[in-house]
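Student: Okay, here's the structure, questions in a sec.
Residue numbers (the numbering used here): 678 to 1087.
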């Protein structure tokens, strides 16, 4: 993202802007990604206002159609029949207490519901917790909670069981996403953004650190277990939790329900955004590489050993990629069998693998864009193959309002 001196939504955008990037000049490799210029026409259907900063929608199996909206401002909301219930399902401030409005403490990055949630009522929250009493210092925590035994519309805030904790000078800005894979394990992405700290040393290439990695753990063991086939289990001085590495900020990843392959958007720093197809043990190049560009000159940027993105775009197209999901529904035929994702600047795209094996990117044209600017923070799909985008609107006075839209055909 280009250098922005303004901050939207105080806490969230301090995180999101640092996550996106500060523009500097870097060399761009000659590699080109296939683009289809004709756009797919779709429209927004307003679902709800309400959550302050919505970033994802979860739809646990066997939960009677309830959808859960992650609100970065410390809450989880229930969406039922396209209406948000008046009281939050979960409010972290009931646990940690009220915080200063500019404090990063209490920010929720992601929520994941156990595959057996309908039976065990377990869900997992990645949030910034206070590292010391009465300070703004934060550490990143993944905790297990359960829903209330008497009220399914309410979480038991006292049920917290901490699964894993992350410490570090920029960790409060490096939370990203969690999701359960088809294998039943919990996947956690952790960023390697310096968050404006010029003394920060990137760790994405160092297997001794969690930063810049996608992790995989077994939460059915206490406090958690390491899957036997994790790629670095037997590697000396490597974190056994690591599944893949070399990311700057894997802000939103998902599993293709047909191939079970992981696809995600890795937020760039200086020039490019990228979509990755993530495989076990692979290295995606950060900070030596950024998309198809060279980034850190003092690190070997040879493609040998690096897995290339399946698609990239420059900051002439977008400024902060928002990973999405594969769409296999029938309501929007033009998007069927395609990976649908977005950019923070309000743009949307689809990806489709062509016969030659290249991934073709095609823009989506929103025919009824909001009159005020819409900043997209999440792009999700539910169990009924409905596509949602969410984020916040800003008016002329830079006042923000959280919003959730559903995509529809013309």
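Note that CB positions come from ideal geometry on N, CA and C, so glycine has one too.
All of these numbers come straight from a predicted model, not from anything done at the bench.
Could you say which of 741, 1038, 796 lies nearest to residue 758 if we only look at CA atoms?
Tutor: 741
Student: Cβ of residue 924 within 9 Å of Cβ of residue 915?
Tutor: Here residue 924 is not near residue 915, since their CB atoms are 9 Å or more apart.
Student: I'd like the list of long-range same chain contacts for residue 790, defined as Cβ closer than 6 Å, with 5 residues on each side in sequence excluded.
Tutor: 735, 737, 800
Student: Taking the beta carbon of residue 712 as the centre, do at least 16 other beta carbons fall within 10 Å, making it buried, or is it exposed?
Tutor: exposed
Student: Buried or exposed for residue 806, please, with buried defined as at least 16 other CB atoms from any protein chain shown within 10 angstroms of its CB.
Tutor: buried
Student: Sorted by chain position, which residues of the same chain lie with C-beta nearer than 7 Å to residue 1049's C-beta, five sequence neighbours on each side aside?
Tutor: Excluding sequence neighbours, residue 1049 sits near 1070, 1071, 1072.
Student: I need the DSSP call for residue 1071, collapsed to helix, strand or coil.
Tutor: strand
Student: Do residue 1022 and residue 987 have their CB atoms nearer than 9 Å?
Tutor: no
Student: Taking just the CA atoms, how far does residue 782 sit from residue 687?
Tutor: Unreliable positioning characterises residue 687 in this predicted model, as indicated by a pLDDT of 41, which lies under 50. The coordinate reading is nonetheless provided below. Approximately 13 Å between the Cα atoms of the pair.
Student: Spell out the partners DSSP gives residue 1082 in its beta bridges.
Tutor: 723, 1066
Student: Indicate whether residue 866 and residue 884 have their beta-carbon atoms separated by less than 9 Å.
Tutor: no
Student: Indicate whether residue 732 and residue 1068 have their beta-carbon atoms separated by less than 9 Å.
Tutor: yes
Student: Could you tell me if residue 1080 is buried or exposed, where buried requires 16 or more neighbouring beta carbons within 10 angstroms of its beta carbon?
Tutor: buried
Student: Nearest CA to the CA of residue 939: which residue from 1016, 852, 777, 796?
Tutor: 1016
Student: Residue 950 and residue 942 look like a contact to me (Cβ under 8 Å); what is the Cβ gap, rounded to whole Å?
Tutor: 7 Å
Student: Measuring only the C-alpha atoms, how far is residue 1008 from residue 1058?
Tutor: 13 Å
Student: Can you tell me the Cβ-Cβ gap for residue 934 and residue 1005, rounded? I've got them flagged as a contact below 8 Å.
Tutor: 7 Å
Student: Where residue 872 and residue 780 are concerned, what is the direct C-alpha to C-alpha distance, given to the nearest angstrom?
Tutor: Annotation: residue 872 to residue 780 spans about 15 Å, alpha carbon to alpha carbon.
Student: By DSSP's criteria, residue 1056 is part of a beta bridge. Which residues make up the other side?
Tutor: 1066
Student: Go to residue 1025, then tell me how far its beta strand (DSSP E) extends in each direction, as first and last residue.
Tutor: 1025-1030
Student: Which residue spans inside the stretch 912-988 form an unbroken alpha helix (DSSP H) run of at least 4?
Tutor: none
Student: From residue 812 to residue 1085, what does the alpha carbon distance come to, in whole angstroms?
Tutor: Note that residue 812 scores a pLDDT of 49, beneath 50, so its modelled location is shaky and nothing firm can be said.
Student: Is the separation between the beta-carbon of residue 730 and that of residue 748 shorter than 9 Å?
Tutor: yes
Student: How is residue 872 classed by DSSP in three states: helix, strand or coil?
Tutor: coil
Student: Starting from the C-beta of residue 720, find all residues in its chain whose C-beta is less than 8 Å away, skip the five residues before and the five after it, and write them out in chain order.
Tutor: 1043, 1044, 1045, 1084, 1085, 1086, 1087
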